[in-house]
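Colleague: I'd like to ask some things about the structure below.
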Amino acid sequence: MKLYNRTRCPDSILKPLLSAAGRAVGARTGGVVVKVTQARTWGCSGQAWDWTAVRRGWLTGNRNHQRWIETDRGAILIRLPLVRPTHDPLERAERVYRVALHEWQHVKDYQRGRRDNYSSRRRPRWRDRPCERRAMAATSDALEREASGELASREDEILALAMWFEGEQDRTAR
Ligand SMILES: [Zn+2]
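Under our numbering, think of the first position of the sequence shown as 422, with each following residue one higher.
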């Protein structure tokens, strides 16, 4: 995974969590560009694109960075939520993991050449798009298999992020 971390959260917390999410849905994670930014909202969100290369400027925020960086058929953006004292840090961290599972399933589809095509017909509502349904199904499936012990649990990685959120809450409360 090629992590471009533009947040205060250390790579050592984000990288294990985000690459575990990719493995959990069965995507090839090795060469995929993942950018993480700090959202200006309370919610965590993500996005995935069927790309084979990413302009370095998109990752660094510097327009002068023109070089292209290869990515293994797909790129992911995760926006970490803002935390506030009333938020449950564990719930926030679990949400980040769920968003990551969802976006990795999109990348897995791209890697397999599976992509919804709406050029000839009307775009269905977001929830009805096959790729979105697959991403939602893959997310609950991975979480169920982790809960049942069929897949390794990601508790430690999620907890590490929760503790970081908690630290941020203390820091911003001061
Ligand atoms: Zn989606």
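Glycine included, each C-beta is placed from N, C-alpha and C at the ideal position.
What are the start and end residues of each continuous beta strand (DSSP E) run of 3 or more residues lying completely inside the stretch 494-563, in chain order?
Modeller: You should have 496-501.
Colleague: Looking at C-alpha atoms only, which residue of Arg488, Asn426, Ile434 is the closest neighbour of Arg575?
Modeller: Of Arg488, Asn426, Ile434, the residue nearest in Cα terms is Ile434.
Colleague: Tell me whether Glu587 counts as near ligand 1, meaning its Cβ is closer than 6 Å to at least one heavy atom of that ligand.
Modeller: No, since every heavy atom of ligand 1 falls outside the 6 Å radius drawn around the Cβ of Glu587.
Colleague: To the nearest angstrom, report how far apart Gln526 and Ala556 are at their CA atoms.
Modeller: Straight-line Cα distance between these residues: approximately 5 Å.
Colleague: Quick one: does the C-beta of Ala521 sit closer than 6 Å to a heavy atom of ligand 1?
Modeller: Ala521 Cβ: outside cutoff for every heavy atom of ligand 1.
Colleague: Verify whether the separation of the beta carbon atoms of Ala521 and Ala442 is less than 7 Å.
Modeller: Yes, they are a contact pair.
Colleague: How big is the Cα-Cα spacing for Arg476 and Arg427?
Modeller: About 15 Å.
Colleague: Measure from the alpha carbon of Trp585 to the alpha carbon of each residue in Asp562, Cys430, Ser569, then state which is nearest.
Modeller: Cα-wise, what sits closest to Trp585 is Cys430.
Colleague: For the putative contact between Thr462 and Pro502, defined by C-beta atoms under 8 Å, what is the C-beta separation to the nearest angstrom?
Modeller: Yes, Thr462 and Pro502 are in contact; Cβ-Cβ is about 7 Å, under 8 Å.
Colleague: Nearest by alpha-carbon distance to Arg595: which of Pro506, Thr458, Gly464, Gly478 is it?
Modeller: Per the Cα distances, Pro506.
Colleague: Compare the beta carbon distance of Arg488 and Thr458 with 7 Å and say whether it is the shorter of the two.
Modeller: The answer is no: Cβ separation not under 7 Å.
Colleague: In this structure, does DSSP put Glu578 in helix, strand or coil?
Modeller: Correct three-state label for Glu578: helix.
Colleague: For Ser466, which residues does DSSP report across the bridge?
Modeller: Arg500, per the DSSP bridge assignment.
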